[in-house]
Amino acid sequence: MVTMSLLVAALLSWIPRLWEREQTIDSKDWMIIVVAALLMGVARKLLMMFGMSRTSPIDGSIIATIVPLLVLVVSVVAGVDSFTRRRVWGLALGMAGAVAVVVTGGSLHHAQSELLGNVMILSSGVVTALYMVFFKRLVAKYRVTTLLRAIYTISALVVLPFGWHSVAEVHFGGFSPHIWFAALFVLIVPTYLPNLLLNYSLRFVQPTVSSTYTYIQPLLAVALSVAMGLDKLHADTLLFAAVLFVGVWLVISSYKRGSA
Numbered sequence: 158m159v160t161m162s163l164l165v166a167a168l169l170s171w172i173p174r175l176w177e178r179e180q181t182i183d184s185k186d187w188m189i190i191v192v193a194a195l196l197m198g199v200a201r202k203l204l205m206m207f208g209m210s211r212t213s214p215i216d217g218s219i220i221a222t223i224v225p226l227l228v229l230v231v232s233v234v235a236g237v238d239s240f241t242r243r244r245v246w247g248l249a250l251g252m253a254g255a256v257a258v259v260v261t262g263g264s265l266h267h268a269q270s271e272l273l274g275n276v277m278i279l280s281s282g283v284v285t286a287l288y289m290v291f292f293k294r295l296v297a298k299y300r301v302t303t304l305l306r307a308i309y310t311i312s313a314l315v316v317l318p319f320g321w322h323s324v325a326e327v328h329f330g331g332f333s334p335h336i337w338f339a340a341l342f343v344l345i346v347p348t349y350l351p352n353l354l355l356n357y358s359l360r361f362v363q364p365t366v367s368s369t370y371t372y373i374q375p376l377l378a379v380a381l382s383v384a385m386g387l388d389k390l391h392a393d394t395l396l397f398a399a400v401l402f403v404g405v406w407l408v409i410s411s412y413k414r415g416s417a
């Protein structure tokens, strides 16, 4: 699925080339784009896909909401942001909530979650934060479609030698309509389209602001998972999620209020 999703994303990224004028990428930026492809294209996709196969939809989506806090940490390290008391408190609460969700993945009553899967989802969030902070300059310099075309083409070429044998062994003729729908959804929707929108957003708002919309993810995951009978909502998960959300809210509100 990782190999096929990146191949499909690469093919989709070439469609805008039919009506766009060619945009030349400076030779000095190619190495940065290769790093971006390895991070956002390969590493993030591998961590997310393998992580979700080893955790529950609810736990995975809650852990993903730590991205705004990770963006703050990376921004401070990169010298483009600073800590305040409010942000430190928010960071401490958010990290505590996220770590609690990760660790409880190994408990008996979280049967669908594994500690390894939760750690992978958390690592995926780290990769996303690194990309949003360090590669914002590229997003401002080139068209989003040009950038994604380079990133996904490189990503597909990197994973193809490792995943092609698995793809060749799949018996596509045995797929039911339900499996085809699920497979096409995973191949098309969660890869190219979200990253297209994410990169467009980075042209207009700060990474911390863009990352706050991950709040929507756990709400949808809880509603869909419980409704479809795929997961159960546990009391400790609600508690840890509340702590995480309060932490992220403290960080985000500090930008609006200019709090110390």
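For what it's worth, the numbering used here labels the leading residue of the sequence shown as 158, then goes sequentially. Each residue gets a CB set at the ideal place from its N, CA and C atoms; glycine is no exception.
Put simply, the backbone Cα of R294 is about 43 Å away from that of P334. Taking C-beta separations shorter than 7 Å and ignoring five residues to either side along the sequence, the partners of V191 in its chain run I311, following chain order.
Between L407 and R244, the CB-CB gap stays under 9 Å. Boundaries of the alpha helix (DSSP H) around K293: 293-298. Take A194, set aside five residues on each side of it, and the residues of its chain with a beta-carbon closer than 6 Å to its own are I308, I311, S312, in chain order. Taking the Cα of G198 as reference, the smallest distance to any Cα among G331, S162, A399 is reached at S162. A straight line joining the alpha-carbon of L354 with that of A380 spans about 23 Å. L248 and P347 have their C-alpha atoms some 28 Å from each other. Going by DSSP, D216 is part of the alpha helix (DSSP H) stretching over 214-221.
The C-beta distance from S281 to R201 rounds to 5 Å, short enough to meet the 8 Å contact threshold. A straight-line Cα-Cα distance of about 21 Å links T181 and N352.
CA-CA distance, F397 to I172, rounds to 43 Å.
For W171, the three-state secondary structure derived from DSSP is coil.
Three or more beta-carbon pairs drawn from the segment 228-240 and the segment 290-306 are found closer than 8 Å, and the two stretches are therefore classed as touching.
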